[in-house]
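For reference, the structure discussed in these notes is given below.
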Amino acid sequence: YESLLERDPSARAAWEPLADIYRRLDDVDRLRRLVDETLDGLQDTAERNALRLLLVGSMLPKPEHQDAALDTLRNVLLEDPEHAEAQRLMAEHLQRTGNRAELLELLRQQLMNAQGRGDVAAVTAGALRLGQELEADYDMAEAATVY
38 YESLLERDPS ARAAWEPLAD IYRRLDDVDR LRRLVDETLD GLQDTAERNA LRLLLVGSML
98 PKPEHQDAAL DTLRNVLLED PEHAEAQRLM AEHLQRTGNR AELLELLRQQ LMNAQGRGDV
158 AAVTAGALRL GQELEADYDM AEAATVY
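Written out as structure tokens, the structure reads:
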């Protein structure tokens, strides 16, 4: 797979199985190098984000790689603010680590995106989640505004 990737760094048939091998070997450094060398050659946003998420999945469980994982998730969301898996992983991590300010900002952004799409179900779910988090911070005035 490595030699195939050298010939065509944008070939998903080469980078995807190789990334999976590195992930199963728990070799974060080689996986990160693969992502760094391959990402710029990929034209499709979905492919770039799929590759990034493979890397995130290997980095998030390791405390020494969590900052890099969050940066990678932010890059996914910069390219695709609606990326559900990246939003979910980011929210879970922020909640688990107690990063309240960034969690609230992410939830606000999700709510605004849902409003922009006119997605009533997502607006409702997003408002409820954001409102609950604001209540947990005893910010009842903003929670009431969100509701």
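Residues in the sequence shown are numbered consecutively from 38, following our numbering.
Think of the CB as a built atom: it goes at the ideal place given N, C-alpha and C, for glycine as much as any other residue.
query, result
"Beta-carbon spacing of residue 140, residue 170 below 8 Å", "yes"
"Touching by the beta-carbon criterion (3+ pairs, under 8 Å), the stretch 98-105 and the stretch 75-87", "no"
"Residues near residue 250 in its chain [Cβ-Cβ closer than 6 Å; skip 5 each side]", "Nothing about residue 250 can be read from this structure; the chain reaches only from 38 to 184."
"Same chain, Cβ closer than 7 Å to residue 49, five either side skipped, listed in chain order", "84"
"Range covered by the alpha helix (DSSP H) that runs through residue 135", "First-last for residue 135: undefined, no H or E at that position."
"Close beta carbons around residue 144, own chain, < 8 Å, minus the five adjacent residues each side", "128, 163, 166, 167 and 170"
"Whether residue 82 touches residue 116 by CB criterion (8 Å)", "yes"
"From 176, 114 and 52, residue whose alpha carbon lies closest to that of residue 147", "114"
"8 Å Cβ cutoff met for residue 123 and residue 90", "yes"
"4 or more residues per run - each alpha helix (DSSP H) lying fully within the stretch 44-103", "49-61, 65-75 and 82-96"
"Whether residue 51 touches residue 62 by CB criterion (8 Å)", "no"
"Spatial neighbours of residue 55 in its chain, beta-carbon cut-off 7 Å, leaving aside the 5 residues before and after", "38, 39, 42 and 71"
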